[in-house]
Amino acid sequence: SAVISQKPSRDICQRGTSLTIQCQVDSQVTMMFWYRQQPGQSLTLIATANQGSEATYESGFVIDKFPISRPNLTFSTLTVSNMSPEDSSIYLCSVDSGNDHSYNEQFFGPGTRLTVL
Amino acid sequence: RKEVEQDPGPFNVPEGATVAFNCTYSNSASQSFFWYRQDCRKEPKLLMSVYSSGNEDGRFTAQLNRASQYISLLIRDSKLSDSATYLCVVKNYGQNFVFGPGTRLSVLP
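Heads up: the sequence lines are chains A and B, in that order. Residue numbers for the first sequence follow the numbering used here, beginning at 1 and rising by one. Residue numbers for the second sequence follow the numbering used here, beginning at 1 and rising by one.
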């Protein structure tokens, strides 16, 4: 299993500002994932971050709004830029178990609860 | 149509009841299937994988019907601690996980 920590655990931000969320894993992993979970909703994948390459964004998410860094195999950051109240959500970092088969388990960080005023 | 759909819920059941959750998926190429559990204000955690032959883990039984693109989760003798949101998750080989909207379960004393 993987142990994942995120910082900050929560924040309240003003409209138009940016917030960077950090994700730290206790082991080296190839891929890290960033999800968003809006109130009362399920998880939506924002992007996949591989070390040493540009992140791959899902439909509806763009790099200018959600820039991602992946400087090494245990760490990633997600920035929520130019925030609006619609960005209020829980942001979750995730990794998979790393075995190369289809039944990989995904492990999640505790999430960052963001409120934009 | 969403790629993964679930019973809308919420389900409110008494302790000891048997409860079944249903899930359908639209991509016939999907290869891996899971049930995750998410407690209130917590991150999702794997409950069980779902295999073609069906599988059981204690009070929990998962079934997969590939022809109908349908997955189920049965909880027997439900406990108060089973109260959570249950997420149906589907994955295509080499691709990302797709989460269903979740079904909330409340087990009442």
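Note that beta-carbon positions come from the ideal geometry of N, C-alpha and C, so glycine has one too.
Quiz prompt | is_contact[A:Glu105, chain B] using C-beta, thresh 8 angstroms | solution = yes
Quiz prompt | CB-CB length for A:Val121 against A:Ser84, believed under 8 angstroms | solution = Lying outside 1 to 117, the shown extent of chain A, residue 121 of chain A is not represented and no answer is given.
Self-check item: Selected residue, minimal CA-CA separation from A:Arg15, among A:Val95, A:Gln106, A:Glu86 and A:Ile68
Solution: A:Glu86
Exercise. Over the uninterrupted beta strand (DSSP E) stretch that includes A:Arg36, give me the two end residues.
Key: Met31 to Gln37
Practice problem: Return the residue from the list B:Lys91, B:Leu87 and B:Leu74 that minimises the CA-CA distance to B:Ala17. | Solution: With distances taken between Cα atoms, B:Ala17 lies closest to B:Leu74.
Quiz prompt | Where the beta strand (DSSP E) through B:Lys91 begins and ends | solution = Where B:Lys91 is concerned, the enclosing beta strand (DSSP E) stretches over Ala84 to Lys91.
Quiz prompt | Within 7 angstroms of chain E by C-beta, residues of the segment 21 to 51 of chain B in sequence order | solution = This model lacks chain E altogether; the protein chains it does include are A and B.
Self-check item: Sequence ranges, beta strand (DSSP E) only - wholly within the segment 15 to 94 of chain B, length at least 3
Solution: 19 to 25, 32 to 38, 45 to 50, 55 to 57, 60 to 65, 70 to 75 and 84 to 91
Quiz item: Between which two residues does the beta strand (DSSP E) carrying A:Thr10 extend?
Solution: The amino acid occupying residue 10 of chain A in the given sequence is Arg; Thr does not appear at that position. Counting along the chain, the beta strand (DSSP E) containing A:Arg10 begins and ends at Arg10 to Cys13.
Quiz prompt | Contact set between the segment 46 to 61 of chain A and chain B, restricted to residues whose Cβ is under 7 angstroms from the partner | solution = If the cut-off is 7 angstroms between Cβ atoms, the segment 46 to 61 of chain A has Thr48 near chain B.
Quiz item: Quick one: what's got a C-beta closer than 6 angstroms to B:Arg76's C-beta in the same chain, skipping five residues either side?
Solution: Thr18 and Arg59
Quiz item: If we call anything under 8 angstroms between Cβ atoms a contact, is A:Thr112 one with A:Pro8?
Solution: yes
Quiz item: Which partner residues does A:Gln6 have in the DSSP bridge list?
Solution: A:Cys23
Quiz item: How do the segment 25 to 33 of chain A and the segment 65 to 78 of chain A stand: do at least 3 beta-carbon pairs fall below 8 angstroms, yes or no?
Solution: yes
Quiz prompt | Three CB pairs or more closer than 8 angstroms across the segment 98 to 105 of chain B and the segment 19 to 38 of chain B | solution = yes
Exercise. Identify each residue in the segment 76 to 105 of chain B for which the Cβ-Cβ distance to at least one residue of chain A is less than 9 angstroms, and report them in chain order.
Key: Thr85, Leu87, Val89, Lys91, Asn92, Tyr93, Gly94, Asn96, Phe97, Val98, Phe99, Gly100, Pro101 and Gly102
Quiz item: Is the shortest distance between the beta-carbon of A:Pro110 and the beta-carbons of chain B less than 8 angstroms?
Solution: yes
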